[in-house]
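Residue numbering for the sequence shown follows this note's numbering, beginning at 995 and increasing consecutively.
Notes for the one structure printed next.
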Amino acid sequence: RARYRTRGDEEFSFVSPVVKYMLFCFNMIFWMISLLLISIGVYARVTKHETALACLTVDPSILLMIVGVLMFFITFCGCVGSLRENICLLQTFCICLTIIFLLQLAAGILGFVFSDKVRHKVTEMINNAIVHYRDDLDLQNLIDYGQKEFACCGGLSYMDWSKNIYFNCTDDNPSRERCSVPFSCCLISKDERVINTMCGHMMQDLDHNKASAFINTNGCIDKLVNWIHSNLFLLGGIALGLAIPQLVGILLSQVLINQIQDQIKLQDYNVQHRSDPWS
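In structure tokens:
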């Protein structure tokens, strides 16, 4: 422990209790959040009878568990390191936070520089999600929510729904939903109490102008890009809100590490002079 006595037998420490317990409380909050994320991820995974959102790059429940476990490890190092004044744990905490912050910064810069490739990847994911629309209820609800929220239909246009085996518009498709689109593409009045889930029936047989009287014909990718451009300040605020706790954690841990190192130097100095008979 970095706490020692001075000549007057009065306890003295370079380590500030304010910094120490601020860092401890900071980590304790995120440690509890990590436990909540792990619990939600495990519950979501256990209650699924099939592979959740298999068409996406990572299952959201697994992603929650990975983020939760990573947060648990990092905040554990911060909690114990600050409470026990352990330089090794504090350095581990500080280095991990710094790496995560730099990775987030690099991802943001690369996403901006290579926006065309990001758009292509998003288009690929949305088209893959359309193909698996009926395979997973969670995925279906997610797509329906997105199409309602952004007032869009499909990836690039409503015709993308022909990629789905049920909505495919070929003549040999026996599905009752042939040439249709999901009801979430429909133009639904706010006064309409009962939603007609068959409102998208045979919409792919209509041209763009005729279909636009019944459904949203614009694709979700363009709507998403426009939303991002219109909400850059909001997204920047969210990014800043995520970055500030990391920077605070890095700053507090580095200050505490420096204080502990100063205290160790003082201890070594006192030990050396007490053992020196000529001092």
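Backbone N, C-alpha and C define an ideal beta-carbon position, used for all residues, glycine too.
**Asked** Measuring CA to CA, which of LEU1030, CYS1082, THR1092 is closest to PRO1239?
**Response** Measuring C-alpha to C-alpha distances from PRO1239 to each of LEU1030, CYS1082, THR1092 identifies THR1092 as the nearest.
**Message:** Can you give me the C-alpha to C-alpha distance between ALA1046 and LEU1131, rounded to a whole angstrom?
**Reply:** Because ALA1046 carries a pLDDT of 46, less than 50, the predicted location of this residue cannot be relied on, and no value is offered for it.
**Message:** Residues in the same chain with beta-carbon distance under 7 Å from GLY1075, minus the five sequence neighbours each way, listed in chain order, please.
**Reply:** Once the five neighbours on either side are set aside, the close Cβ partners of GLY1075 are LEU1083, LEU1084, PHE1087.
**Request:** Please report the residue range of the alpha helix (DSSP H) in which LEU991 lies.
**Result:** Outside the modelled stretch of the chain, which goes from 995 to 1273, sits residue 991, for which no answer is possible.
**Message:** Please state the DSSP three-state secondary structure of ASN1212.
**Reply:** Strand.
**For MET1065 and TRP1025, the rounded distance between their alpha carbons** = Distance between the alpha carbons of TRP1025 and MET1065 is about 7 Å.
**Message:** I'd like to know whether the C-beta atoms of MET1153 and SER1174 end up nearer to each other than 7 Å.
**Reply:** The Cβ atoms of MET1153 and SER1174 lie no closer than 7 Å to each other.
**Item:** Which residues DSSP lists as bridging CYS1179, in chain order
**Value:** CYS1179 is not bridged to any residue.
**Prompt:** Looking at MET1197 and the ligand GDP, is the gap between the Cβ and the nearest heavy atom below 6 Å?
**Reply:** The ligand GDP is not part of the structure shown, which contains no ligands of any sort.
**Request:** Determine the burial state of ASN1212: buried for a count of at least 16 other Cβ atoms within 10 Å of its Cβ, exposed for fewer.
**Result:** Answer is buried; the Cβ neighbour count reaches 16.
**Three-state secondary structure (DSSP) of SER1174** = Coil.
**Message:** Just verifying my parser: in three-state terms, what is the DSSP assignment at SER1169?
**Reply:** Of the three classes helix, strand and coil, the one that applies to SER1169 here is coil, per DSSP.
**Request:** State the beta-bridge partners of ILE1151 as determined by DSSP.
**Result:** The question names Ile, but residue 1151 is Ser in the sequence shown. The partner list for SER1151 (beta bridge, DSSP) reads ASN1212.
**Asked** Can the beta-carbon of GLY1105 be found less than 7 Å from the beta-carbon of VAL1112?
**Response** Contact flag set, yes.
**Request:** Spell out a yes or no on whether the region 1215 to 1228 and the region 1157 to 1171 are touching, meaning 3 or more CB-CB pairs, one atom from each, closer than 8 Å.
**Result:** No, the region 1215 to 1228 does not touch the region 1157 to 1171.
**Message:** Once the 5 residues before and after ASN1190 are set aside, which same chain residues still bring their CB inside 8 Å of it?
**Reply:** Beyond the five residues adjoining it in sequence on each side, ASN1190 comes within less than 8 Å, by CB distance, of PHE1177, CYS1180 in the same chain, given in chain order.
**Asked** Alpha carbon to alpha carbon, what distance is there between ALA1237 and LEU1099?
**Response** Rounded to whole angstroms, LEU1099 to ALA1237 spans 9 Å at the Cα level.
**Message:** I'd like to know if the region 1120 to 1137 and the region 1193 to 1208 are in contact, where contact means that at least 3 CB-CB pairs between them fall below 8 Å.
**Reply:** No, the region 1120 to 1137 does not touch the region 1193 to 1208.
**Backbone secondary structure at ILE1160 - three-state DSSP** = A small correction: the amino acid at residue 1160 is Tyr; Ile does not occupy that position in the sequence shown. In the structure shown, TYR1160 sits in coil (DSSP, three-state: anything other than H, G, I, E or B).
**Item:** VAL1145 versus MET1119: straight-line alpha-carbon distance, rounded
**Value:** Position check: residue 1145 holds Ala in this sequence, whereas Val was assumed. The alpha-carbon separation between ALA1145 and MET1119 amounts to approximately 19 Å.
**Message:** Measuring alpha carbon to alpha carbon, tell me which residue in THR1117, ILE1232, ILE1215 is nearest GLU1143.
**Reply:** Considering only alpha carbons, the answer is ILE1215.
**Nonlocal neighbours in the same chain, by C-beta distance under 7 Å from LEU1017, ignoring five residues either side** = The beta carbon of LEU1017 sits closer than 7 Å to the beta carbons of GLY1072, SER1076, LEU1246, SER1247, LEU1250 from its chain, once the five residues preceding and following it are set aside; these are given in chain order.
**Message:** With the cut-off set at 7 Å, would you say LEU1096 and GLY1062 are in Cβ contact?
**Reply:** Going by C-beta atoms, LEU1096 is not nearer than 7 Å to GLY1062.
**Asked** Should GLN1253 and VAL1009 be called a contact, given that it needs their Cβ atoms to be closer than 7 Å?
**Response** Yes, the pair counts as a contact, with Cβ atoms nearer than the cut-off.
**Item:** CA nearest to the CA of THR1041, picked from SER1028, SER1055, LEU1029
**Value:** The shortest C-alpha to C-alpha distance from THR1041 to any of SER1028, SER1055, LEU1029 is the one to SER1055.
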